[in-house]
Structure formats: structure tokens, C-alpha cells
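> With this note's numbering applied, the sequence shown covers 763 to 1139.
In this text, a Cβ means the ideal position worked out from N, Cα and C, and glycines have one as well.
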Amino acid sequence: MKKAVLIPDSFKGTMSSSEIIQIMKARILHYHPECEIVSIPVADGGEGSVDSFLAALGGERISIRTKGPWNEEIDSFYGILPDGTAVIEMAASAGLPLVGDRLDPSRTTTYGVGELILDAAAKGVKKLVIGLGGSATNDSGCGAAAACGVSFFDEDGNKFIPVGETLDRIAHIDTSTMDDRVKKMTIIAMCDIDNPFYGGTGAAAIFGPQKGADPEMVKSLDKKMRHLAAVISKEIGIDLQAIPGSGAAGGMGGGMKAFFGASLEMGIDVVLNTTGFEKLAENADVIFTGEGKIDTQSLRGKVVIGVSRRAKKMGIPVVAVVGDIGDDIQAAYDEGVSGIFSINRVAIPYKEARTRAKSDMDLTMDNIIRFMDCIGK
763 MKKAVLIPDS FKGTMSSSEI IQIMKARILH YHPECEIVSI PVADGGEGSV DSFLAALGGE
823 RISIRTKGPW NEEIDSFYGI LPDGTAVIEM AASAGLPLVG DRLDPSRTTT YGVGELILDA
883 AAKGVKKLVI GLGGSATNDS GCGAAAACGV SFFDEDGNKF IPVGETLDRI AHIDTSTMDD
943 RVKKMTIIAM CDIDNPFYGG TGAAAIFGPQ KGADPEMVKS LDKKMRHLAA VISKEIGIDL
1003 QAIPGSGAAG GMGGGMKAFF GASLEMGIDV VLNTTGFEKL AENADVIFTG EGKIDTQSLR
1063 GKVVIGVSRR AKKMGIPVVA VVGDIGDDIQ AAYDEGVSGI FSINRVAIPY KEARTRAKSD
1123 MDLTMDNIIR FMDCIGK
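In C-alpha cells:
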């Protein structure tokens, strides 16, 4: 084995992408000390996304002060890659961990996320990747838009910054007042869900409860988002409900599209495009990838499938090392996966299995490489 590419997703609640890479790398180098290892930590849009991109490509971590989800001053950050692309994770200024016990998606704001975008624009950034994950908000990105200059008015002509509980006060939106530097940016939003803006599978109904919304608040937030969608349809000409993923991150997916003109793309495709995957994987003997569980949801184009589709075109075999293997995943082989291996070595509940996941990953990689070396002789 002369060259191997390592690009696994995290095993949620068990191992990060970087931790998995370190285990894989150690096993490969144990048997093939001269092997060239290309490591690409996968960012899913939530916490750790900025550091994952910086680890894969290098660049600079920018630390700044922004507003937090409760409009308080906090320390936040984003990254600038060597090619000048900025990477933001909205969780850095509007994430769930930042609110602690003060869960209330009707009042929290994405204003600080807009301040991150504005700071990047002021530094001359022309392209921005933003991760829509781990938010504590349900303001549909209005706070972020306001920070970047978009003006929101009530029916009396009063300008204000909307939050979830005041979305129904919006009577007019003026996007012409957005900062010109932000207007000129190309923005890509990492979005791995296809939930609509409102309704039974919309932002408030599906993600509101985990942010602290009770049934009454969910109903209220959903109604207010319907109002905002109607205003956006009338004044901006975009039907947010028809856009898959517009309900991501408390409607931030829709807000990024309506206010910033962002494109919503699958996270793994953004990672592969941003890192220049085809160049990095050139002449590789094998690609190791993986995720916590491979199932029919994975076939939509998550990490394993996203990587395999690219690798198939390059004629490079792909080994998927996963936690669980679901039913009906045969189609994965047609997408380019060469083999799927579970690290679960004994039949025990997840609560117990997660405590031994790292050692099981190490032993599974050891077995795979032993076998590959055996058949390669």
C-alpha cells in the first residue's frame, strides 16, 4: 500500500472524524510505514466544522467577538482557508451549547452569525462556506441578515430585528440595504436535511422541541414562519416551502437562500469540492471512509456514498468501516463501495459498545489491512 486516503464521518457521540483518522492512520503505518496518508476530516456543518476544514487544508482561525444567541457578547470564530474561502459554523455564535439551560427558540437570535459573515466580507473574502448545524434558534436567519444590513419593518414602518416570536410582525423586507461586500460573496450552505420551511416536517415541528419549544410554542413558531414565508414570496419572489432544506437550523436554510442568495448543498459534496478531493486522491491505492451507521438514509448521498461516487469515477476501491450496518444497503456497492465492515465485534447494547469503540475500530482496521496484505501477495 503506497497511498491511502482517510475520509470518515464522525460516529456521533462516540468518535470524531479526526479521532477515527488517527486510529486508521496508526494501523496502516504499523504495516506500511512508508505509505503516504492523506487525511480529510469530515465536517458536517455543526460544531467542529471549521477546525475540520483547517485540519484538512490549513489556513487561519479568526477569533472575534460577536453577539451570542441571547444577544450577549461572546468569543466566536471562523476560518479562512489558503485559497481565501471562509468557513463558518453557525453554532459558533448561535449554537445550543451557548444557551446552557436557557432554551427558548422563540427569543434566540442568529445575529452573531451575521457578524461572522460581515467580518469575513470586510477581510475581502469572496467565497463563504457556512455550516447549518447545532443551532439554538428559530429566527429563519433574520438576525444574521439584519447584522449584514437587511432591513425588516413592521406594518407601522418601524425597523426591528426579528426573532422567532416576532416573525409575524414583519410587513416589509428591504434587501437592498445589505452590505455591498456581502452581496458580492458566493455563499454555500452545508445542509444534509431536506425538511421544508414549515408544516409537520418543518423547522419548528421537527427541531423546535430539542431547542426547548413545548407543543404550544411549536405551533406558534410554525404559524409565524408561514407568515414570513408569505412575505418573502411576495417581496423577494422565492417560495421557501418548495426548497428542500429550507427548514434547516430553525429556518436558517431558507434565510440563507432568501436573504443571501446561498445555495444549499449536501455537506459531503461541499467537503469534497472545497478540499479538491480528486486531486488529493489521485493515484491512491485505497480510500477508507465510514459513518456511525450505514442504512437507506446513507444512500441519499451522505459521507460514504458521496465519497464512493467520486472514487468510482477514479477507479479507486473504497472500504467503509462503520458502526452498524442496516438492511437494504446493497445499492451502496453499485455506488462504488467495495466492502463494508462493522466495528461491532460483540453483540452488546450501544451504551456498552460506545465505551470500546476506539479499540474495536483499531482491531477492525488491523484485520482489514492484514487481509488486504494477504490477498495482495
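State the CB to CB distance for the pair residue 1007 and residue 907, rounded to an integer number of angstroms; the pair is presumed to be in contact (CB under 8 angstroms).
Not quite, the Cβ-Cβ distance comes to about 17 angstroms (not below 8 angstroms), so this is no contact.
> Tell me the rounded alpha-carbon separation between residue 847 and residue 872.
Their backbone Cα atoms lie some 21 angstroms apart in a straight line.
> Does the stretch 913-929 come within contact of the stretch 879-896, defined as at least 3 CB pairs closer than 8 angstroms?
No: fewer than three Cβ pairs fall under 8 angstroms.
> Should the stretch 1045-1057 be regarded as contacting the stretch 1082-1098, the criterion being three or more beta carbon pairs within less than 8 angstroms?
Judged by Cβ distances under 8 angstroms, the stretch 1045-1057 makes contact with the stretch 1082-1098, as three or more pairs qualify.
> Please work out which residues of its chain come closer than 6 angstroms, Cβ to Cβ, to residue 786, disregarding the five sequence neighbours upstream and downstream, and give them in chain order.
Taken in chain order, the residues that qualify are 768, 1050 and 1127.
> Over what stretch of residues does the beta strand (DSSP E) that includes residue 1039 continue unbroken?
Per DSSP, residue 1039 belongs to no beta strand (DSSP E); it is in the alpha helix (DSSP H), 1039-1043.
> Between residue 1105 and residue 1119, which are expected to be in contact by the criterion C-beta below 8 angstroms, what is the C-beta distance as a whole number of angstroms?
About 7 angstroms; that satisfies the 8 angstroms criterion.
> At the level of alpha carbons, what is the spacing between residue 902 and residue 1066?
Looking at the two C-alpha atoms, the distance is approximately 30 angstroms.
> For residue 904, count neighbouring Cβ atoms within 10 angstroms of its own Cβ and tell me buried if that reaches 16, exposed if not.
Residue 904 comes out buried.
> For residue 861, which residues in the same chain have their Cβ closer than 6 angstroms to its Cβ, ignoring the five residues on either side in sequence?
Here the set comprises 831 and 898.
> May I ask which residues mark the beginning and end of the beta strand (DSSP E) holding residue 841?
Residues 835-842.
> Starting from residue 781, follow the alpha helix (DSSP H) in both directions and report where the run begins and ends.
779-793 is the extent of the alpha helix (DSSP H) around residue 781.
> With distance defined between alpha-carbon atoms, name the residue in 803, 774 and 884 nearest to residue 824.
Here the closest residue by C-alpha is 884.
> Which value, in whole angstroms, describes the spacing of the CA atoms of residue 1009 and residue 1134?
Cα-Cα distance, rounded: 44 angstroms.
> Tell me the residue span of the alpha helix (DSSP H) that contains residue 1134.
It spans 1119-1138 - the alpha helix (DSSP H) in which residue 1134 sits, taken as one unbroken run.
> DSSP three-state label for residue 846, please.
Residue 846: coil per DSSP, three-state reduction.
> On the CB-based measure, 16 or more other CB atoms within 10 Å of its CB, does residue 851 come out buried or exposed?
With 16 or more Cβ atoms within 10 Å of its Cβ, residue 851 is classed as buried.
> Residue 1000 by DSSP, collapsed to three states: which one?
Residue 1000: coil per DSSP, three-state reduction.
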